[in-house]
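**Q** I'd like to ask some things about the structure below.
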Amino acid sequence: MANATKVPPGTSDNSPAIHRWVLGGHQSVKSRQGRKTASRVVVLTKHSFAPGGASVSCSRFAPSDESLGYCRDVPTGTKREPLNISRWHSKIRLESNTITMTCLGWNEMGATMSDTVLVTGGSGFIGTWVLRELLARNAKPVMVDVQPAPTRWRRVLGGRAAEVISIEASLLDRERLQDAIEQHGVTHIIHLAALLTPECQKDPWLGCQVNVLGSTALFEAARRSGRVRSLAYASSYAVYGPEVGDSNDEPNRPPTFYGAFKQAVDLIAEQYWRHFGIASVAVRPHVVYGPERDQGLTAGPSLAARAAALGETYTIGYTGRVGYDYVEDVARAFFRSAVECPPGHTVVDLPSELATTEEFRSAIEAAIPGSVSQIMVNGPAIPSNVPPSPNYISNLFPDWQATSLLDGVRKTVEFYRQSMFGVS
Ligand SMILES: NC(=O)c1ccc[n+]([C@@H]2O[C@H](COP(=O)([O-])OP(=O)(O)OC[C@H]3O[C@@H](n4cnc5c(N)ncnc54)[C@H](O)[C@@H]3O)[C@@H](O)[C@H]2O)c1
19 MANATKVPPG TSDNSPAIHR WVLGGHQSVK SRQGRKTASR VVVLTKHSFA
69 PGGASVSCSR FAPSDESLGY CRDVPTGTKR EPLNISRWHS KIRLESNTIT
119 MTCLGWNEMG ATMSDTVLVT GGSGFIGTWV LRELLARNAK PVMVDVQPAP
169 TRWRRVLGGR AAEVISIEAS LLDRERLQDA IEQHGVTHII HLAALLTPEC
219 QKDPWLGCQV NVLGSTALFE AARRSGRVRS LAYASSYAVY GPEVGDSNDE
269 PNRPPTFYGA FKQAVDLIAE QYWRHFGIAS VAVRPHVVYG PERDQGLTAG
319 PSLAARAAAL GETYTIGYTG RVGYDYVEDV ARAFFRSAVE CPPGHTVVDL
369 PSELATTEEF RSAIEAAIPG SVSQIMVNGP AIPSNVPPSP NYISNLFPDW
419 QATSLLDGVR KTVEFYRQSM FGVS
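Residues 19 to 442 in this note's numbering are what the sequence shown lists, from first letter to last.
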């Protein structure tokens, strides 16, 4: 039997906003004698989360009125029905101003000590920062990568690197992938392992195997486990072309194999939700910058910030205006998307602050006055990828805050000064 409660006053009740609702759990209200007199239905909105809101999990933590959005007392005896995300999802969508509570508690919300998160590509640049985020949130990280733990782990994770369960394996080794998930009781996945643009252009066959088949292997392992609750994975602005295509039927098509493979995975993820109920969020960053970015053409601005911090010279090898996302924001986006994953297949674009290479250099100059003469800019103009109709991550997490380019560059410089000279 379902139990209904009205949408709280002062909050939008039109359909597009409804998917932001998250249902909480029942909280017992007891009399002085300790007798249960009522159950309180707690309705959470994403707005009610504290920034990062990672430790909210209604059925395991006693929610308090202050920390949660809205409470309403209902009579006792409400029948609890088992979690059924797809039914719950459709009810949410169908009923515009009444939330029908067919399930009580969404345990998937927030990381708890018992959450084990598998990170693929954890030896890489973004993967390392994702591991740091997981450790800070008290989730248990397991990582799979073809490369062993890199030295950057020591610089970014410090002594906590020892807490990461590290498995050296390829995504294409399906047996080991499945074993990793089963053996360590994985509940969430953050999928980052991939070959990047130059490798995919050089060898599309290999790129397709790793990026498309490897991703499918992972979705399949998640499905077979029956325990994985949700998955966040790296899509990319590379699925968008630099400008609107020649005809309205073909806007912004991916200009590279890499972009095409990312788009293929987005379509595959949608099928895993449709047919097997595996919920996922595709996170699309543009150019990710920050400490420890050292590979690829677009690593130039990050390496320039490093050089300036160390008093060295550097030439950024491209010009043009592209969007920049700071790596700690990107790591947070993957973490929140994995543990707060809504039902369905969701695609989100990161905000990516637009800047020319010269403007990036000015941000370095703002962090280290006088450094402008150390940084040269020279190379071809690279085109910016433009989402025709972006769905920014703030639509999923209304409390989302992005680090400005100025702050991100300052943090990057501080990281290098701290790790090289012990000063900030
Ligand atoms: N860096 C950016 O600007 C950017 C922008 C948009 C999207 N992305 C995406 O974010 C993800 C992480 O990017 P990154 O910058 O950290 O790249 P990275 O190259 O530093 O990390 C990728 C990791 O994947 C691993 N890997 C490659 N093939 C594998 C396989 N077969 N099995 C297991 N591991 C394998 C690599 O060893 C590497 O450690 C990628 O999916 C990338 O496409 C990156």
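Using N, Cα and C, we set each Cβ at its ideal position, and we do this for glycine too.
So what's Ile296 in DSSP terms, helix, strand or just coil?
**A** Here Ile296 sits in coil by DSSP.
**Q** Evaluate the contact criterion for the region 364-382 versus the region 325-345: three or more CB pairs, one atom per stretch, below 8 Å.
**A** Because the criterion of three Cβ pairs below 8 Å is met, the region 364-382 and the region 325-345 touch.
**Q** With DSSP as the reference, please indicate the residues paired to Arg339 in a beta bridge.
**A** Its beta-bridge partners are Thr374.
**Q** Please classify Ile400: does DSSP put it in a helix, a strand, or coil?
**A** Coil, per DSSP.
**Q** By the three-class DSSP mapping on this structure, what secondary structure does Tyr410 have?
**A** Of the three classes helix, strand and coil, the one that applies to Tyr410 here is strand, per DSSP.
**Q** Just mark Pro303 as buried or exposed, buried being the case when its beta carbon has 16 or more other beta carbons within 10 Å.
**A** Label assigned to Pro303: buried.
**Q** So, under 8 Å CB-CB, Leu315 and Tyr434 are touching, yes? Tell me the CB distance rounded to an integer number of Å.
**A** Between Tyr434 and Leu315 the Cβ distance is about 21 Å, and since that is not below 8 Å, they are no contact.
**Q** Would you decide whether Glu181 is buried or exposed? Buried here means 16 or more other CB atoms lie within 10 Å of its CB.
**A** So Glu181 ends up on the exposed side.
**Q** Taking 7 Å as the threshold (C-beta atoms), are Ile393 and Ala300 in contact?
**A** It is not a contact, given that the beta carbons lie outside the stated cut-off.
**Q** Who are the Cβ neighbours of Leu152 in its own chain at under 6 Å, not counting the five residues just before and after it?
**A** Counting only Cβ-Cβ distances below 6 Å, and skipping sequence neighbours, we find Val135, Pro159.
**Q** Assign Tyr290 to one of three DSSP states: helix, strand, or coil.
**A** Helix, per DSSP.
**Q** My guess is that Lys280 and Ser254 are in contact by the Cβ rule of under 8 Å, so how many angstroms apart are they, rounded?
**A** 5 Å between Cβ atoms; contact.
**Q** Within 6 Å: the Cβ of Val228 and any heavy atom of ligand 1?
**A** It does: the Cβ of Val228 is within 6 Å (strictly closer) of some heavy atom of ligand 1.
**Q** Count the C-beta pairs between the region 424-432 and the region 357-366 that are closer than 8 Å, then say yes if the count reaches three, no if not.
**A** Result no; under three Cβ-Cβ pairs closer than 8 Å.
**Q** Do Ile185 and Ala198 count as a contact pair if the criterion is CB distance below 7 Å?
**A** Against a cut-off of 7 Å, the Cβ pair of Ile185 and Ala198 comes out as a contact.
**Q** According to DSSP, is Pro159 part of a helix, a strand, or is it coil?
**A** Pro159: strand per DSSP, three-state reduction.
**Q** Do Pro216 and Phe275 count as a contact pair if the criterion is CB distance below 7 Å?
**A** Not a contact, by the Cβ cut-off of 7 Å.
**Q** Where DSSP assigns a beta bridge to Tyr258, which residues make up the other side?
**A** Tyr258 pairs with nothing; no bridge assigned.
**Q** Considering only their Cβ atoms, is the gap separating Gly308 from Leu210 smaller than 7 Å?
**A** Their beta carbons are not under 7 Å apart, which means Leu210 does not touch Gly308 by this criterion.
**Q** Based on DSSP bridge pairs, tell me the residues matched to Leu190.
**A** Answer is none; Leu190 lacks a bridge partner.
**Q** Give the DSSP-derived three-state secondary structure of Ser430 in the structure shown.
**A** Note that residue 430 is Thr in the sequence shown, not Ser. Of the three classes helix, strand and coil, the one that applies to Thr430 here is helix, per DSSP.
**Q** Thr96 by DSSP, collapsed to three states: which one?
**A** Residue placement at Thr96 is flagged as unreliable, the pLDDT there being 35, under the threshold of 50; the coordinate-derived value follows with that caveat. Residue state, collapsed to three classes: coil.
**Q** Are the beta-carbon atoms belonging to Ala240 and Asn229 less than 7 Å from one another?
**A** Contact flag unset, no.
**Q** Determine the closest residue to Thr234 out of Ile296, Tyr332, Thr421, Val204, with distance taken between C-alpha atoms.
**A** Comparing Cα positions, the closest option is Ile296.
**Q** Tell me the DSSP secondary structure of Asp284 in three-state form.
**A** Three-state DSSP puts Asp284 in a helix.
**Q** Taking all protein chains shown into account, decide if Pro272 is buried (16 or more other Cβ within 10 angstroms of its Cβ) or exposed.
**A** Pro272 is buried by the Cβ-count criterion.
**Q** Can we count Phe378 as close to ligand 1, meaning its CB is less than 6 Å from some heavy atom?
**A** Because no heavy atom of ligand 1 lies under 6 Å away, the Cβ of Phe378 does not count as near it: no.
**Q** Am I right that Val431 and Ala385 are in contact with their C-beta atoms under 8 Å? What's the rounded C-beta distance?
**A** Contact holds; Cβ gap of about 4 Å.
**Q** For Met438, which residues from the same chain have a beta carbon less than 8 Å from its beta carbon, with the 5 sequence-adjacent residues on both sides left out?
**A** Excluding residues within five positions, the ones whose Cβ falls inside 8 Å are Ala327, Leu328.
**Q** Using CA coordinates, which residue listed in Asn270, Glu376, Asp191 is at the minimum distance from Asn396?
**A** The option with the nearest alpha carbon to Asn396 is Glu376.
**Q** Excluding the 5 residues preceding and the 5 following Ser422 in the sequence, name in chain order all residues of the same chain whose CB lies nearer than 8 Å to its CB.
**A** So the qualifying residues of the chain are Glu371.
**Q** What does a CB cutoff of less than 7 Å around His202 pick up in its chain, not counting 5 residues either side in sequence?
**A** Once the five neighbours on either side are set aside, the close Cβ partners of His202 are Thr134, Val160, Ile183.
**Q** For the beta strand (DSSP E) that contains Val135, what are its first and last residues?
**A** Unbroken beta strand (DSSP E) run through Val135: 134-138.
**Q** With a Cβ-Cβ cutoff of 7 Å, do Pro401 and Pro260 count as a contact?
**A** Cβ atoms of Pro401 and Pro260: closer than 7 Å.
**Q** Tell me where the alpha helix (DSSP H) around Asp347 begins and ends.
**A** It spans 345-357 - the alpha helix (DSSP H) in which Asp347 sits, taken as one unbroken run.
**Q** Go ahead and pull the three-state DSSP assignment for Leu231.
**A** In this structure, Leu231 counts as helix in the three-state DSSP scheme.
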